[in-house]
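Final position of the sequence shown in UniProt numbering is 91; the numbers increase by one with none missing.
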Amino acid sequence: MKNYYPKMAICLISIFLILFVVDSFILNGLLLQWGTLNKEKLFLNNQWWRVITSPFFHTGIIHILINSLAIYFTGILLESKIRSIWFCWSF
């Protein structure tokens, strides 16, 4: 069986890493404050984008490592069965 590389999973992991590095070292957590899921801000202030952006933000190295491994191995299993675009939409 040919090795399969989950293209969309690798793309998502790259986005995770870029956002984490930029937010941690350049913006000092500003993106994390504006992108994470916060029920009060979501419902009281109608900040609906938090539902979409929250999966892309991580609070630490261990958090991003575990999520990236999960996305990668899930991508290996699913992207070969369903197309990459459907894997991305399911994320």
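Even glycine gets a Cβ: it sits at the ideal position worked out from N, Cα and C.
Do residue i and residue j have their C-beta atoms closer together than 8 Å?
{"i": "residue 41", "j": "residue 47", "result": "yes"}
{"i": "residue 68", "j": "residue 16", "result": "yes"}
{"i": "residue 31", "j": "residue 73", "result": "no"}
Cutting at 7 Å between CB atoms, please list the residues of its own chain near residue i, excluding the five before and the five after it.
{"i": "residue 29", "result": "23"}
{"i": "residue 75", "result": "6, 8, 9, 87"}
{"i": "residue 1", "result": "For residue 1, the predicted model reports a pLDDT of 48, less than 50, meaning its position is unreliable; a value from the coordinates is still stated below. Result list for residue 1: empty, nothing under 7 Å."}
{"i": "residue 82", "result": "none"}
{"i": "residue 89", "result": "none"}
Beta-carbon within less than 6 Å of residue i's beta-carbon, same chain only, minus the 5 sequence neighbours each way: which residues are those?
{"i": "residue 14", "result": "none"}
Please list, in chain order, all residues of the same chain as residue i whose beta carbon is under 8 Å from its beta carbon, the five residues on each side excluded.
{"i": "residue 64", "result": "16, 17, 20, 58"}
{"i": "residue 150", "result": "Given a span of 1 to 91 for the chain in the structure shown, any question on residue 150 remains unanswerable."}
In terms of residue numbering, what span does the alpha helix (DSSP H) encompassing residue i cover?
{"i": "residue 22", "result": "Careful: residue 22 lies outside any alpha helix (DSSP H) and carries neither H nor E."}
Since residue i and residue j should fall inside the 8 Å C-beta cutoff, what is the C-beta to C-beta distance between them, to a whole number of angstroms?
{"i": "residue 80", "j": "residue 4", "result": "5 Å"}
Residue ranges of each beta strand (DSSP E) within the UniProt domain "Peptidase S54 rhomboid" (46 to 89), 3 or longer = Taking only runs of at least 3 residues, no beta strand (DSSP E) segment lies wholly in the UniProt domain "Peptidase S54 rhomboid" (46 to 89).
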